[in-house]
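Let me begin by presenting the structure, written as structure tokens, before commenting on it.
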Amino acid sequence: MKNYARLLAFLLCAVSTSSAFAQLDSDFAKANQDYAQGNFKEAISGYKTLVGSGQWSANLLYDLGNAYFRTGDFGHAILNYERALALERHHPEATANLQIARDEARALEMQQSWPERYLQFANSNQYSIAAAVAFWVGVFCIVRLIFGRRRSAATIALSILSLFIFAIATLAVYGLDHGSKGRALAIVTGQDVQARLATADTANSVLALPPGSEVKILSTRGDWVYAVLPNKLRGWIPVKSTELVRL
Amino acid sequence: MAVLLGALIAFAEDNRAFAEPPSVTAVLSNSEAVVGQMVELQIKVTGAGNAQPPEHISIDGLEIHATGTSRQFEMRNFTTTSSVTYNYAILPLKAGQFAIPSQTILVGGKSLRTPELTLNVADSPGRSSASRPAQNARPGNASKLVFAELIVPKKTAFVGEIVPVQIRLGFDPRTHPRLIDLPEITGQGFTAHKLQQSGENRETISGRTYDVVTFKTAIAAARAGNFEIGPVKAKAQVLTPRRPSSPRSRSPFDLFNLDDPFSDPFFSDPFGEVGERREIEINSEPVAFDVKPLPQNAPANFSGAIGNFTMTTDAKPKSVQVGDPITVTTTISGRGNFDRVNAPGIEDEHGWHKYPPSSKFKQDDDVGISGTRTFETVLSPNEKKQSMPVMAFSYFDPVKEQYVTLRSDPIAINVQGGALADAGAAVVPPGSPPPAAVAAPTPVQKPQDILYQLTERSTVAQSFGPLYARRLFWTVQLVPLLALIGFAGWKIRQARINNREARRIAALQHEAVELMRKLHRSDASPREYYAEASRVVRVKAALARNVDPNTVDLETAADTFGLNGDSRERLRRLFEQSDELQYSGTHNGSEKISPESRRDVLELIEHLK
Numbered sequence: 158m159k160n161y162a163r164l165l166a167f168l169l170c171a172v173s174t175s176s177a178f179a180q181l182d183s184d185f186a187k188a189n190q191d192y193a194q195g196n197f198k199e200a201i202s203g204y205k206t207l208v209g210s211g212q213w214s215a216n217l218l219y220d221l222g223n224a225y226f227r228t229g230d231f232g233h234a235i236l237n238y239e240r241a242l243a244l245e246r247h248h249p250e251a252t253a254n255l256q257i258a259r260d261e262a263r264a265l266e267m268q269q270s271w272p273e274r275y276l277q278f279a280n281s282n283q284y285s286i287a288a289a290v291a292f293w294v295g296v297f298c299i300v301r302l303i304f305g306r307r308r309s310a311a312t313i314a315l316s317i318l319s320l321f322i323f324a325i326a327t328l329a330v331y332g333l334d335h336g337s338k339g340r341a342l343a344i345v346t347g348q349d350v351q352a353r354l355a356t357a358d359t360a361n362s363v364l365a366l367p368p369g370s371e372v373k374i375l376s377t378r379g380d381w382v383y384a385v386l387p388n389k390l391r392g393w394i395p396v397k398s399t400e401l402v403r404l
Numbered sequence: 022m023a024v025l026l027g028a029l030i031a032f033a034e035d036n037r038a039f040a041e042p043p044s045v046t047a048v049l050s051n052s053e054a055v056v057g058q059m060v061e062l063q064i065k066v067t068g069a070g071n072a073q074p075p076e077h078i079s080i081d082g083l084e085i086h087a088t089g090t091s092r093q094f095e096m097r098n099f100t101t102t103s104s105v106t107y108n109y110a111i112l113p114l115k116a117g118q119f120a121i122p123s124q125t126i127l128v129g130g131k132s133l134r135t136p137e138l139t140l141n142v143a144d145s146p147g148r149s150s151a152s153r154p155a156q157n158a159r160p161g162n163a164s165k166l167v168f169a170e171l172i173v174p175k176k177t178a179f180v181g182e183i184v185p186v187q188i189r190l191g192f193d194p195r196t197h198p199r200l201i202d203l204p205e206i207t208g209q210g211f212t213a214h215k216l217q218q219s220g221e222n223r224e225t226i227s228g229r230t231y232d233v234v235t236f237k238t239a240i241a242a243a244r245a246g247n248f249e250i251g252p253v254k255a256k257a258q259v260l261t262p263r264r265p266s267s268p269r270s271r272s273p274f275d276l277f278n279l280d281d282p283f284s285d286p287f288f289s290d291p292f293g294e295v296g297e298r299r300e301i302e303i304n305s306e307p308v309a310f311d312v313k314p315l316p317q318n319a320p321a322n323f324s325g326a327i328g329n330f331t332m333t334t335d336a337k338p339k340s341v342q343v344g345d346p347i348t349v350t351t352t353i354s355g356r357g358n359f360d361r362v363n364a365p366g367i368e369d370e371h372g373w374h375k376y377p378p379s380s381k382f383k384q385d386d387d388v389g390i391s392g393t394r395t396f397e398t399v400l401s402p403n404e405k406k407q408s409m410p411v412m413a414f415s416y417f418d419p420v421k422e423q424y425v426t427l428r429s430d431p432i433a434i435n436v437q438g439g440a441l442a443d444a445g446a447a448v449v450p451p452g453s454p455p456p457a458a459v460a461a462p463t464p465v466q467k468p469q470d471i472l473y474q475l476t477e478r479s480t481v482a483q484s485f486g487p488l489y490a491r492r493l494f495w496t497v498q499l500v501p502l503l504a505l506i507g508f509a510g511w512k513i514r515q516a517r518i519n520n521r522e523a524r525r526i527a528a529l530q531h532e533a534v535e536l537m538r539k540l541h542r543s544d545a546s547p548r549e550y551y552a553e554a555s556r557v558v559r560v561k562a563a564l565a566r567n568v569d570p571n572t573v574d575l576e577t578a579a580d581t582f583g584l585n586g587d588s589r590e591r592l593r594r595l596f597e598q599s600d601e602l603q604y605s606g607t608h609n610g611s612e613k614i615s616p617e618s619r620r621d622v623l624e625l626i627e628h629l630k
């Protein structure tokens, strides 16, 4: 009897999951259809519903970016292209459209430091895997050196190399996550946004930020965020005018 | 302590070095004066420790003396700024308009120049009654207890021109005045800056002593025409003598045009009666002011700035890619209406994208008519460029009565990527026929369109979280961890096994040595001797083959040591002899083994290697 109950519960779970996925696919198709018919606002609404459900994918965010682009909202278009690229670094369509949107909006980009530029050939996740692999290889080599009768030079060299790679990969993960394009990267989505010297609309302006400009958020105080600006200065920006790239 | 102090100084010097390049400004305490009225000239050098100011400034009609040096340090956000101010006292000897020429200051091997300043000197009041018409409230009548004075040294100005104004309020010290309302300049057709109290001193005027409070401000006419400035109105509480019991010929409240109420016996006898505080209004006389309109031929980028300004420009970074931002910092210094000083414009915006500029103002005086406004404009090259565009700033110089346009020097930059800007078009002189290539219409570049929608959605939800923050990542780490534990356990077990084997081998070696020692002795019986000899052979073979000695037989031992026919036969006899003596139960004759037999056995065994 118990086994029957378990089987029934499993089947119910499977059916509900399947129907949920089917619903998401249906919503996605509907949003695509709205986009194709030129109903960009409806398409944006449909894509945003999918994003809100947590079923993120690079293609979904790319499509949302396209819909925003069509409405002339370059700030949100750039934000969603950036999000698509955050999920899939090598998304060619998102890369191409991001460049077009930036050109249209005259958006400012953060300037990367030289270590970030050199570390860019892999992303944070790839460095994490490299660090894990190198760590375990190094540890196995050390264990072998400890328990082995003979200490071969090759094992010693491999252990040193592995731990060196582990250290470099760990630093790379940290550098990329905390760099100008890391987790604190945000996009200016508001219009006529000015970075200011203080948390007041009347404070002196540091830099005018066109929509789609990149900033790196350092801290938040009330309705303002303190951010590193594309010209490497720092300023206060209204919270409602920026959105983090990484959800 | 000395080391710490030294480190702090070095840190400050280091920060200062990186904070900003040296700069110099010059400012007059008042650009309008009368003959004999001292004016102060301040030359301020910022960002340099040592500077060589001019020792003598000689201008005909002005007597200029250096009066001292002051030094200021300011630390803000760990950035130290130091400035040195060189003070000069200027005594006008005659009336007229004097230009204080630009002074060269040597700062660390570099020559910096101060802006040119203008000082308008009018005749002193004693010489001409028209020179200071605004001072007619001055207490020529010795009976005045308070007075207000509006000093507008310049009676003619242009629309929008900033004219510094001084207000002086004088009080008889015996009135113990308390100012209730700050003085206010009434009138229409001009705007006034915020009033700043600039000094308080005691003066003797016409034989009477006054406490004089001086305020500074500046006005700017909003329209052309003749109108009056003032009067200045202020309210104060003063101590007046109590009304006398006997009728008097005047009212004690009429403070300005009647006799001195302090002639009352109260003031001669402070213990006699107590005075009373009264609120009074102090008024000055208005001043006539003539405002001229600006000339019509204003440059296109004239934003209403009137005064005397200088401009410097810098750009960073100087090596960029096409599309990268370059921050152009433009500094406009001088004296004038800085609220109308806008960012310089770009003369040729072709190939550049300009973003809205930001600005900040640092004033050098109390009123804000002298200072430095710094603009930061972000420019982005759309194509390959070799120099920054020329920035132009126009203002109206009221002294020269003409418009002046300041242009930035060309700043060389290196822009990588994109096509080189058509420099040829820029150098074609006006009026010359345009080259054929230029005459051809430039095709309008169609704006790029974005790529298509993607209709396939990944069935697996992706995550923005870093891999190392996911549970799966750490769960996967359990696999190598368990493998490591297994590997380490296996290695430990192997080590223990190896240790046991080593002990066994050591025991066998020890046994072989002991047996060989016994075989060399002559006291053993044949039974013992041959048994020990065969045991030695088995142990040696077991050591060579890493097997149990009990499993070694004749053939195994012979094969182990590779014995030939004769040796194999001798070994066989040794084994047979041993077995026979061991199992037959007889001793076969003598109790002792012969030396020949022992030698033969020893020789055989010692050759087993």
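Line order of the protein sequences matches chains D and P.
In terms of this note's numbering, the first sequence has 305 at position 148, counting the first letter as 1, and numbering is strictly consecutive.
In terms of this note's numbering, the second sequence has 408 at position 387, counting the first letter as 1, and numbering is strictly consecutive.
The beta carbon of each residue, even a glycine, is placed where N, CA and C say it ideally should be.
Keep in mind that this is a model prediction, so the values were computed, not measured.
Apart from the five residues on each side of it in sequence, which residues of its chain come closer than 8 Å, Cβ to Cβ, to residue i?
i: Leu242 of chain D; result: Ala215, His248, Ala251, Thr252, Leu255
i: Asn372 of chain P; result: Residue identity check: residue 372 of chain P is Gly in the sequence provided, not Asn. Once the five neighbours on either side are set aside, the close Cβ partners of Gly372 of chain P are Pro402, Asn403, Glu404, Lys406, Ala442.
i: Phe347 of chain D; result: Correcting the residue type first, residue 347 of chain D is Gly in the shown sequence and not Phe. These residues qualify, in order along the chain: Gly232, Pro368, Pro395, Lys397, Ser398, Thr399.
i: Arg223 of chain P; result: Pro194, Thr230, Tyr231, Asp232, Val233
Between which residues of its own chain and residue i is the CB-CB distance below 7 Å, once the five residues before and five after are set aside?
i: Arg589 of chain P; result: Ala579
i: Ser104 of chain P; result: Lys65, Val66, Thr67, Gln93
i: Arg340 of chain D; result: Asp334, Arg403
What does the alpha-carbon distance come out to for the pair residue i and residue j?
i: Gln530 of chain P; j: Leu503 of chain P; result: 40 Å
i: Ser383 of chain P; j: Val362 of chain P; result: In the sequence as presented, Ser is not what sits at residue 383 of chain P; that position holds Lys. Near 13 Å, if we compare the C-alpha coordinates of Val362 of chain P and Lys383 of chain P.
i: Phe278 of chain D; j: Ala324 of chain D; result: 17 Å
i: Ala245 of chain P; j: Ile301 of chain P; result: 35 Å
i: Gln73 of chain P; j: Ser132 of chain P; result: 10 Å
i: Ile299 of chain D; j: Ile313 of chain D; result: 8 Å
i: Leu207 of chain D; j: Ala243 of chain P; result: 59 Å
i: Val60 of chain P; j: Lys256 of chain P; result: 29 Å
i: Ala47 of chain P; j: Ala365 of chain D; result: 32 Å
i: Gly366 of chain P; j: Met412 of chain P; result: 5 Å
i: Pro194 of chain P; j: Tyr231 of chain P; result: 6 Å
Helix, strand or coil: how does DSSP classify residue i here?
i: His335 of chain D; result: helix
i: Pro616 of chain P; result: helix
i: Ala279 of chain D; result: coil
i: Ser202 of chain D; result: helix
i: Phe582 of chain P; result: helix
i: Tyr473 of chain P; result: coil
i: Lys215 of chain P; result: coil
i: Trp293 of chain D; result: helix
i: Tyr376 of chain P; result: coil
i: Leu629 of chain P; result: coil
i: Thr572 of chain P; result: helix
i: Val253 of chain P; result: strand
List, in order along the chain, the chain C residues whose C-beta lies closer than 8 Å to that of residue i?
i: Gln483 of chain P; result: Protein chains in the displayed structure are D and P, and chain C is not among them.
Closer than 6 Å by C-beta to residue i: which residues in its own chain qualify, once you throw out the five before and the five after it? Chain order, please.
i: Ala234 of chain D; result: Gly222, Tyr225, Phe226, Ala258
i: Leu217 of chain D; result: Leu207
Using a Cβ-Cβ cut-off of less than 7 Å, give me the residues of the segment 386-403 of chain D that come near chain P, in sequence order.
Pro387, Asn388, Arg403
Can you check the segment 224-254 of chain D for any alpha helix (DSSP H) of at least 4 residues that lies completely inside it and give the ranges in chain order?
231-244
Determine which residues of the segment 375-389 of chain P have a Cβ less than 9 Å from any Cβ of chain D, and write them out in chain order.
Tyr376, Pro377, Pro378, Ser379, Ser380, Lys381, Phe382
Return the chain-ordered ranges of every alpha helix (DSSP H) run that is complete within the segment 505-532 of chain P and spans a minimum of 4 residues.
none
If the cut-off is 8 Å on Cβ atoms, which residues from the segment 393-405 of chain P count as contacting chain D, listed in chain order?
Glu397, Val399, Ser401
Relative to chain P, which residues along the segment 364-383 of chain D have a C-beta separation below 9 Å, given in chain order?
Leu364, Ala365, Leu366, Pro367
May I have a chain-ordered list of the beta strand (DSSP E) segments no shorter than 3 residues that lie completely inside the segment 62-110 of chain P?
83-97
Give me the subset of the segment 499-522 of chain P whose CB atoms are less than 7 Å from a CB atom of chain D, sorted by chain position.
Pro501, Leu505, Phe508, Ala509, Lys512, Ile513, Ala516
Select from the segment 85-119 of chain P all residues with a C-beta closer than 7 Å to any C-beta belonging to chain D, and list them in chain order.
none
Along the segment 262-275 of chain D, where does the CB come closer than 7 Å to a CB of chain P? Name the residues.
Arg263, Leu265
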